[in-house]
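Inspection log for the structure reproduced underneath, given as structure tokens.
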Amino acid sequence: MEWLLIGLIILVILVNIRSFMVLSQFKQQRTQLLEDTEAIHQSMEEFVTNLEKENDELYNKLIDYIKRKESKLGERILRLEEQLDSGMMRVSTSVHNLDKQDDEKQTNDINSNVDEFENEKISKLYKQGFSPSQITKVLKMDQGEVELVINMLKKKQSYNK
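Residues 99 to 259 in my numbering are what the sequence shown lists, from first letter to last.
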């Protein structure tokens, strides 16, 4: 009977030791998860900070573009008022066409800058390990467009190797 009691005590001690080992492993896993979570939060904060900075830059470019356009419109209004006052209201189609070409060129420049900016964001996120579907959700873009940019990025990288 004593042997049985000793055996049970040993069994209880072994179970307690195993329980402490399992608890220690859980604690290590929890610590690792907390560290991973903190790293993700820090990465997202950096991403948001960069995004805000890039957004500010685009906003400033847009403000400059609007100011240039307002200035040109102001100059054109003054010229037209002068022509009206002198009774010589003539609209020059060549000037109109040149202004129209300038407008189209500036619009194309802005669109290409926006496209380059979006492509850079997609590239950065992809290099950070985000999947195309995650990038689609974060940037609120079409999945096909994101996948196209990623495929072009992969081809560019394969040519550079």
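C-beta: ideal position from N, C-alpha, C; glycine also.
- Taking the CA atoms as reference points, residue 165 sits about 55 Å from residue 128.
- Nearest Cα to residue 218 within the set 176, 145, 182 and 170: 145.
- The continuous stretches of alpha helix (DSSP H) do not include residue 240, and DSSP gives it neither H nor E.
- Here residue 171 is exposed, its C-beta having fewer than 16 other C-beta atoms within 10 Å.
- Rounded to whole angstroms, the gap between the alpha carbons of residue 154 and residue 222 is 18 Å.
- Here residue 220 is near residue 244, since their CB atoms are less than 7 Å apart.
- Residue 99 carries a coil assignment under DSSP once its states are collapsed to helix, strand and coil.
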